[in-house]
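Peer 1: Handing you this structure, nothing more for now.
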Amino acid sequence: MIYAICVALLRLIYAILFPLKIVGRDNVPKEGGVLLCANHISLLDPMTLGIKLKRQVRYMAKAELFDVPVLGWLIKKVGAFPVKRGGVSKESIKTSLNTLRSGHVMGIFPEGTRNSDSGSAKKGAASFALRSGAAVVPAAIIGSYKPFRRMTVVYGEPIDLSSFEGAGSDSLEAVTDVIMGRIHEMISTGKPSSR
Numbered sequence: 001m002i003y004a005i006c007v008a009l010l011r012l013i014y015a016i017l018f019p020l021k022i023v024g025r026d027n028v029p030k031e032g033g034v035l036l037c038a039n040h041i042s043l044l045d046p047m048t049l050g051i052k053l054k055r056q057v058r059y060m061a062k063a064e065l066f067d068v069p070v071l072g073w074l075i076k077k078v079g080a081f082p083v084k085r086g087g088v089s090k091e092s093i094k095t096s097l098n099t100l101r102s103g104h105v106m107g108i109f110p111e112g113t114r115n116s117d118s119g120s121a122k123k124g125a126a127s128f129a130l131r132s133g134a135a136v137v138p139a140a141i142i143g144s145y146k147p148f149r150r151m152t153v154v155y156g157e158p159i160d161l162s163s164f165e166g167a168g169s170d171s172l173e174a175v176t177d178v179i180m181g182r183i184h185e186m187i188s189t190g191k192p193s194s195r
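If you count the sequence shown from 1, position 156 lands on 156 in full-length UniProt numbering, and the numbers rise without skipping.
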């Protein structure tokens with residue numbers, strides 16, 4: 001209930017400030033675990049990535065945000081869970097894997113920090129993808145968050161990672177490259193990737 005109210009308010013705010021163009025929304029599976037991987041350009045990205053989807057998207061959030069009055073309560077209610085600064089704890093990894101294995105959607109930004117140049121990515125998304133068995137959907141957030149300017153979110157087709165199954169930790173870099181390659185392609189074209 002609280003999530004639905006928050007999403008409705010955010011959709012209204014976005015309709016005024018950052019009108020959203022959504023491309024490829026049907027590429028997000030309607031059920032089952034989904035790892036939604038996107039580029040990271042702003043603190044607003046988690047909201048931008050999820051508010052136009054029919055399914056709730058869960059995220060990791062900095063642990064200190066949960067200590068902020070009202071905000072901490074709110075982000076917990078909308079499905080965020082804490083991760084400590086300086087690295088992902090075993091508890092955060094376990095929560096992430098349980099979220100995906102339980103059939104939920106989890107949003108992640110492989111670059112880790114905001115990066116307008118779409119630089120190097122960390123291997124966490126690849127690890128979650130291989131260990132959870134969730135569908136991996138690449139997404140591109142395109143725009144600059146300037147008031148009254150259109151933002152675009154492009155969702156690509158799920159990435160087939162079957163060739164990496166059982167390959168172990170050595171394959172994490174290759175999987176990361178595949179995910180980021182699809183994201184960069186969509187940033188460039190503004191169209192869903194389908195490879």
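Ideal placement from N, C-alpha and C gives every residue a C-beta, glycine not left out.
1) Checking 7 Å against the spacing of the C-beta atoms, do LEU49 and GLY107 come in under that value?
2) Just to confirm, is the Cβ distance from GLY156 to GLY103 under 7 Å?
3) Along the chain, where does the beta strand (DSSP E) that runs through PHE128 open and close?
4) By how many angstroms is the C-alpha of MET186 removed from the C-alpha of GLY133?
5) Can you grab the Cα-Cα spacing for the pair ARG150 / GLU31, in whole Å?
6) Return helix, strand or coil for PHE81, following the three-state DSSP convention.
7) Please work out which residues of its chain come closer than 8 Å, Cβ to Cβ, to LYS52, disregarding the five sequence neighbours upstream and downstream, and give them in chain order.
8) Please work out which residues of its chain come closer than 8 Å, Cβ to Cβ, to SER194, disregarding the five sequence neighbours upstream and downstream, and give them in chain order.
Peer 2: Walking through what the data contain:
1) Counted from its first residue, the sequence shown places residue 49 at position 49. Counted from its first residue, the sequence shown places residue 107 at position 107. A contact, by the Cβ cut-off of 7 Å.
2) Residue 156 sits at position 156 when you count from the first residue of the sequence shown. Residue 103 sits at position 103 when you count from the first residue of the sequence shown. Not in contact: GLY156 and GLY103 (Cβ atoms no closer than 7 Å).
3) Numbered from 1 along the sequence shown, position 128 holds the residue referred to as residue 128. First-last for PHE128: 124-132, but that is the alpha helix (DSSP H), not the beta strand (DSSP E).
4) Against the sequence shown, residue 133 aligns to sequence position 133. Against the sequence shown, residue 186 aligns to sequence position 186. Rounded to the nearest angstrom, the two C-alpha atoms are 23 Å apart.
5) The residue you call residue 150 lines up with position 150 of the sequence shown. The residue you call residue 31 lines up with position 31 of the sequence shown. Rounded to the nearest angstrom, the two C-alpha atoms are 29 Å apart.
6) For the purposes of this step, residue 81 is identified with residue 81 of the sequence shown, where counting begins at 1. Strand, per DSSP.
7) As a working note, residue 52 is residue 52 in the sequence shown. Result list for LYS52: ARG11, LEU20, ILE22, ARG25 and VAL153, in chain order.
8) The count along the sequence shown starts at 1 and reaches residue 194 at position 194. Taken in chain order, the residues that qualify are GLY156 and GLU157.
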